[in-house]
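Position 72 of the sequence shown, counted from 1, bears residue number 72 in UniProt numbering, the numbering being contiguous throughout. By construction, the Cβ of each residue, glycine as well, lies at the ideal position given by its N, Cα and C atoms. Predicted model only: the values in this text are computed from it and were never measured. Heads up, the thing below is written out as C-alpha cells.
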Amino acid sequence: MNPLVKKNQPVLKHTKTVTVIGMSDDGCLSLTSKAMHAISKGQVLAGGARHLEFFAEFEGLKIPFQGKLSDVIDRLEELSYENNIVVLASGDPMFYGIGGLIVKRFGLDHVDVITHPSSIQIAFSRIGITWNDAMMISLHERSRTGFITKIQTSSKVGILTDPERSPQEIARHMIAYNETGWQAWVCENLGGVDERIRCFTIEELSRVENTAPLNVLILLRKDEDKSLPPTIANLHEDAFAKRIPHKGLITKREIRTLSIVSLGLNRKSIVWDIGTASGSVAIEAAKIAYDGHVYAVDVDTECVKIARENAVNHKVDNIDIVEGLAPAAIMDWTVPDAVFIGGSKGNMKEILDVSLEKLTPNGKCVVTAIAIETVQETYQYFKDREWNAEMIVVNIARSIPLAQYHRYEALSPIHIFTVTKVERN
C-alpha cells in the first residue's frame, strides 16, 4: 500500500493503471517518451476535444469531456476494470485540473500523473517574472465573487480565465472597485503556433475586443512597494461613510476589533452581520474571509445604501448587503460559521433562535449591546437556555484636544456576549 494513500481514501482493488497526462497546445511535440508510451498502451483515451484531435490514429475508445464531468469519471471507472485508461489534461493536471478528481476516485495506487508545466508557469516565464511569490486564482467556471478582496493581499497575481470571466470582464470589474493600479499581461494560446503576449493598463484591457478563449491573465501591481494590508484592518470610524456624520451608526473601532477577534474567522468563513448599519464589521470580516462570504442586513434604507458604498470604497466584493428585517430577511442565507448581531430592532430572541440553529458546530455568535434592556434580554436568553456565554463590558475613553492639553472623553459602555455552538444533550 502506498504510504501516501490515506486510510479513508477509496481504492478500487481490480482497476488497471489510470494515467493522467498534462500537455500543452503544441500537442504531442512536448510530450515525454513516458507519456507517449502510456498512450500507446492505453485502451481508453479521455480528454477535451482539442486534446483528442492530436491523437487521430489512436485505435482504442475515445471519450470526450462532454456534459457533467462526474458522469465522465463514472464511465471511466466502469471501463477501468478491464482497460488501461489515459486521461489528457491541460498543463499541470494537479493545478486546478482533473488530476485531483481522478486520484480521489481511483486511489493513488492506481493513478500515475505525468505532469507538464501549467499555463500560469509558462505565462510567467514568457514575461520574465518569477512566480514563486504570486497569488494563483482560478476563475475558470468559478464565480468572481471575492476576487477584488483577494488581490488586496498580493502584488503579483496569476489568473485562469474562461469566456464568461474573460480578461476584459475582469478588468471592468476591477474598474468598478477603483482597483486599477495594475499592469495586466494577457497570454494567449501558450505553446501554440498562434501564441500571443500583450501588456495593458486595466483601463486599456477593459476596452479590448479580441482575446483568444485559451488565455492566462497576469496582474502586476504598479506600486511594488505598496504595503500589504494587515490581517485585521482595525479601521477608524472616519474611514467609513455613515448616516450621522459626527458619531454615526457604526461599531466603534475598538469594539469592532474585539468582536471580530471573538468571531474566530478564517479565510473561508461564512459570516452573518445582522444590523450592519454602516457595514464596518461586515467589511472587515470580508477582508479576513476572502475565500468565504459575508451576508449583511439592515432595516434602514439609507444605512444599506451607505454600507454598499463603503464595501466598494474598501474594495470587498465577497459581501451581500440587503435591506430587510431580521429574522425574516436572513432565513435563506448560507449556513454561517460566525454571526455578529449589532442590532435587533426588538427581535433579539427570534434572531438568536434562527442564528444559533443555523450556526455550524463550533461556530461563534457575538452580540454587542448598549441599551440596558438589550443587555438584560440577551443575558436572560443565554441563561434560560444554559448557553455558556462569555460576557465582557468595555469602557473606552479617547483622548481629545483641550487647548494646548488633552483630556479623555468616555464612550458609552458596550457589552459583548460571545457563545460557541457545541453539541447539546
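Neighbour-count burial assignment, residue i, 16 or more Cβ in a 10 Å radius
| i | result |
| --- | --- |
| asparagine 178 | exposed |
| histidine 406 | exposed |
| residue 437 | The structure shown has nothing for residue 437, since the chain only spans 1 to 425. |
| glutamate 53 | exposed |
| tyrosine 408 | exposed |
| leucine 190 | buried |
| aspartate 71 | exposed |
| serine 206 | buried |
| tyrosine 81 | exposed |
| alanine 176 | exposed |
| histidine 246 | Low confidence applies to histidine 246: its pLDDT is 46, below 50, so where it sits in the model is not reliable enough to give any reading. |
| methionine 174 | buried |
| glutamate 373 | exposed |
| isoleucine 400 | exposed |
| asparagine 395 | exposed |
| cysteine 28 | exposed |
Counterpart residues of residue i in DSSP-defined beta bridges
| i | result |
| --- | --- |
| arginine 407 | Ile400 |
| glutamate 390 | Thr418 |
| methionine 23 | Ser90 |
| methionine 138 | Reading off the sequence, residue 138 comes out as serine, not methionine. Serine 138 is bridged to Leu160. |
| phenylalanine 340 | Asp273 and Val366 |
| glutamine 121 | Glutamine 121 pairs with nothing; no bridge assigned. |
| histidine 293 | Ile270 |
| proline 64 | Gly47 |
| arginine 221 | Trp182 |
| isoleucine 148 | According to DSSP, isoleucine 148 bridges with nothing at all. |
| phenylalanine 106 | None; phenylalanine 106 has no bridge partner. |
Beta-carbon contacts of residue i that lie in its chain and below 7 angstroms, excluding the five residues immediately before and after
| i | result |
| --- | --- |
| glycine 181 | Arg221, Lys222 and Asp223 |
| glycine 363 | Pro336, Asp337, Ala338 and Lys421 |
| serine 118 | Gly91, Asp92 and Phe95 |
Assumed close pair residue i, residue j - CB separation to whole angstroms, cut-off 8 angstroms
| i | j | result |
| --- | --- | --- |
| leucine 219 | valine 299 | Actually they do not touch by this definition, with Cβ atoms about 39 angstroms apart. |
| tryptophan 185 | isoleucine 202 | Between isoleucine 202 and tryptophan 185 the Cβ distance is about 12 angstroms, and since that is not below 8 angstroms, they are no contact. |
| threonine 368 | isoleucine 255 | 6 angstroms |
| leucine 139 | isoleucine 159 | 6 angstroms |
| isoleucine 283 | valine 316 | 5 angstroms |
| glycine 67 | tyrosine 290 | Contact doesn't hold; Cβ gap of about 32 angstroms is too wide. |
| tyrosine 381 | lysine 349 | 6 angstroms |
| valine 297 | isoleucine 330 | 6 angstroms |
| alanine 89 | glycine 22 | 5 angstroms |
Beta-carbon proximity list for residue i, same chain, < 6 angstroms, skipping 5 on both sides
| i | result |
| --- | --- |
| cysteine 199 | Trp185 |
| histidine 293 | Ile270 and Asn318 |
| isoleucine 39 | Val86 |
| glycine 99 | Val20, Pro93 and Val113 |
| valine 111 | Val18, Ile102 and Val103 |
| histidine 415 | Ala369, Val375 and Val393 |
| histidine 14 | Annotation note: pLDDT 45 at histidine 14 (below 50); position unreliable, coordinate value reported separately. So the qualifying residues of the chain are Tyr81. |
| valine 354 | Pro327 |
| serine 154 | Met135 |
Cβ-based neighbour list, residue i, same chain, cut-off 8 angstroms, excluding 5 preceding and 5 following
| i | result |
| --- | --- |
| glutamate 309 | Ala241 |
| threonine 161 | Leu139, His140, Pro167, Ile170, Asn215, Val216 and Leu217 |
| arginine 267 | Ile288, Ala289, Tyr290, Asp291 and Gly292 |
| proline 229 | Gln152, Thr153 and Lys287 |
Quiz item: Is it true that the segment 198-212 meets the segment 159-173, where meeting means three or more beta-carbon pairs spaced less than 8 angstroms apart?
Solution: yes
| said: For the pair the segment 389-403 and the segment 349-362, tell me if three or more CB-CB distances fall below 8 angstroms. | reply: Result no; under three Cβ-Cβ pairs closer than 8 angstroms.
Margin query: If contact is defined by three or more beta carbon pairs under 8 angstroms, each pair taking one atom from either stretch, is the segment 62-71 in contact with the segment 25-36?
Written below: no
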